[in-house]
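All remarks here apply to the structure that follows.
Residue numbers (the numbering used here): 3 to 101.
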């Protein structure tokens, strides 16, 4: 049984390292894209309000919805949720094998 456990630890170690590097890389990308998309969402929101008031309420609401989706409360929040699930999977595997 100990030989099987040792082999399992050797096989799973690279998977845990790859998942850790993947999570770190994705967190960095989400932070950088959140900054850029936050600035873009502010511009789109201002444009959406201007279009809502002056031109077309439907187009203004669409622009405001797009601004919300790319704001830090939209897609970046979803990306962090998905990353937390991947990190939870990593910890589950790690606890199962090494715990």
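The beta-carbon is built from N, C-alpha and C at its ideal position, and this holds for glycine as well.
It should be emphasised that the depicted structure is a prediction, and the values quoted were computed from it without experimental measurement.
* To do: Have a look at 13, 65, 18 and flag the residue whose alpha-carbon is nearest the alpha-carbon of residue 46.
  => The count along the chain shown starts at 1 and reaches residue 46 at position 44. Ranking the options by Cα distance to residue 46, first place goes to 65.
* **C-alpha gap between residue 22 and residue 87, whole angstroms** => Along the chain shown, read from residue 1 onward, the residue named residue 22 stands at position 20. Along the chain shown, read from residue 1 onward, the residue named residue 87 stands at position 85. Between residue 22 and residue 87, the C-alpha separation is close to 12 Å.
* Please list the segments of the alpha helix (DSSP H) lying wholly inside the stretch 28-99, counting only runs of 4 or more residues, in order along the chain. => 59-72
* To do: Taking only the alpha-carbon atoms, compute the straight-line gap between residue 62 and residue 69 and give it to the nearest angstrom.
  => Within the chain shown, residue 62 is the residue found at index 60, counting from 1. Within the chain shown, residue 69 is the residue found at index 67, counting from 1. The alpha-carbon atoms of residue 62 and residue 69 are separated by roughly 10 Å.
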